[in-house]
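Single-structure report; data block below.
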Amino acid sequence: KAGVTQTPRYLIKTRGQQVTLSCSPISGHRSVSWYQQTPGQGLQFLFEYFSETQRNKGNFPGRFSGRQFSNSRSEMNVSTLELGDSALYLCASSLETLANTGELFFGEGSRLTVL
Amino acid sequence: AQKVTQAQTEISVVEKEDVTLDCVYETRDTTYYLFWYKQPPSGELVFLIRRNSFDEQNEISGRYSWNFQKSTSSFNFTITASQVVDSAVYFCALSEADSSGSARQLTFGSGTQLTVLP
Numbered sequence: 062k063a064g065v066t067q068t069p070r071y072l073i074k075t076r077g078q079q080v081t082l083s084c085s086p087i088s089g090h091r092s093v094s095w096y097q098q099t100p101g102q103g104l105q106f107l108f109e110y111f112s113e114t115q116r117n118k119g120n121f122p123g124r125f126s127g128r129q130f131s132n133s134r135s136e137m138n139v140s141t142l143e144l145g146d147s148a149l150y151l152c153a154s155s156l157e158t159l160a161n162t163g164e165l166f167f168g169e170g171s172r173l174t175v176l
Numbered sequence: 019a020q021k022v023t024q025a026q027t028e029i030s031v032v033e034k035e036d037v038t039l040d041c042v043y044e045t046r047d048t049t050y051y052l053f054w055y056k057q058p059p060s061g062e063l064v065f066l067i068r069r070n071s072f073d074e075q076n077e078i079s080g081r082y083s084w085n086f087q088k089s090t091s092s093f094n095f096t097i098t099a100s101q102v103v104d105s106a107v108y109f110c111a112l113s114e115a116d117s118s119g120s121a122r123q124l125t126f127g128s129g130t131q132l133t134v135l136p
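These protein sequence lines are chains A and B, in that order.
In terms of our numbering, the first sequence opens at residue 62 and continues consecutively.
In terms of our numbering, the second sequence opens at residue 19 and continues consecutively.
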């Protein structure tokens, strides 16, 4: 079965722009989580969506937002990009919330470079 | 607040050697979950194992084994007879449980870069 698909894989933006990243979870998975990975801060949780509702949110500014559609696909948006937003953004899906399986299936990520 | 420490930034071993990756965690909760993930160069994180805080039984899966000790807040990962394909970054992670016992988001350690030389 197809894995978690993230698009685009690579993108370059300039400061002040906004970006939208997309994630298609594994078929049947209703939970989607987003993580930011940087060399300095490591892997940090952004948010989790389950059945179109945001269930958890990490400590990121309001410039970071997300949503989930009825088909469980998710998007995250970063507005007014800053140099520090350069990172690998990882999306993960699970069958239900972490409670029941604990197993997250990750995509290969979207690597964002902000110039 | 929860915290995961992986003190070993990089480890290099020769193929067939055994290697242990250390993980120490901090949490105030009595119910929590511990994980190990592998990140190969392709970038995607691959789930290896999950342990519940109330299950201290060690686990072995092929060449992989995990030693969970609540007394020392450690959840170490050992690869026996390492292979070149084991080269990757390994992350330990912790998730606390909410009031319903459900796991919340993962807090990751900084990762250990394992290089297995032929």
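All C-beta atoms, glycine included, are put in the ideal place defined by N, C-alpha and C.
Output needed for B:Gln26: all residues of its chain with C-beta closer than 7 Å, excluding positions within five of it in sequence on either side, in chain order. Leu39, Asp40 and Thr130
I'd like the list of long-range same chain contacts for A:Gln129, defined as Cβ closer than 7 Å, with 5 residues on each side in sequence excluded. Val93, Tyr110, Glu113 and Ser135
Grouping DSSP H, G and I as helix and E and B as strand, with all else coil, what is B:Thr207? Since the first residue shown for chain B is 19 and the last is 136, residue 207 of chain B is missing from the structure and cannot be characterised.
By the criterion of Cβ-Cβ separation under 8 Å, what are the contact partners of A:Glu143 in chain B? Residues of chain B passing the Cβ test: none, with the nearest at roughly 22 Å.
Would you identify the three-state DSSP class for A:Gly204, choosing helix, strand or coil? No statement about residue 204 of chain A is possible, as the shown extent of chain A runs from 62 to 176 and does not include it.
Could you tell me whether any Cβ in chain A is nearer than 8 Å to the Cβ of B:Arg81? For B:Arg81, the answer is no, since every Cβ of chain A falls outside 8 Å of its Cβ.
Report yes if the C-beta of B:Asp40 is less than 7 Å from at least one heavy atom of the ligand MN; otherwise report no. Inclusion of the ligand MN in the displayed structure is not the case, the ligand content being empty and no account of it being possible.
May I ask you to list the residues that DSSP assigns as paired with A:Gly103? A:Thr99
Over the uninterrupted beta strand (DSSP E) stretch that includes B:Phe72, give me the two end residues. Segment: none, B:Phe72 is in no beta strand (DSSP E) and carries neither H nor E.
Against chain A, with Cβ distances strictly below 8 Å, would B:Arg46 count as a contact? no
Which whole-angstrom value describes the C-beta separation of B:Ser113 and B:Arg122, a residue pair presumed to lie in contact below a C-beta threshold of 8 Å? 6 Å
Suppose the cutoff is 6 Å on Cβ atoms and the five residues either side in sequence are ignored; what does the same chain contact list for A:Ser133 look like? If you ignore the 5 residues before and after A:Ser133, its C-beta comes within less than 6 Å of the C-beta of Pro86 and Arg91, all in its own chain and listed in chain order.
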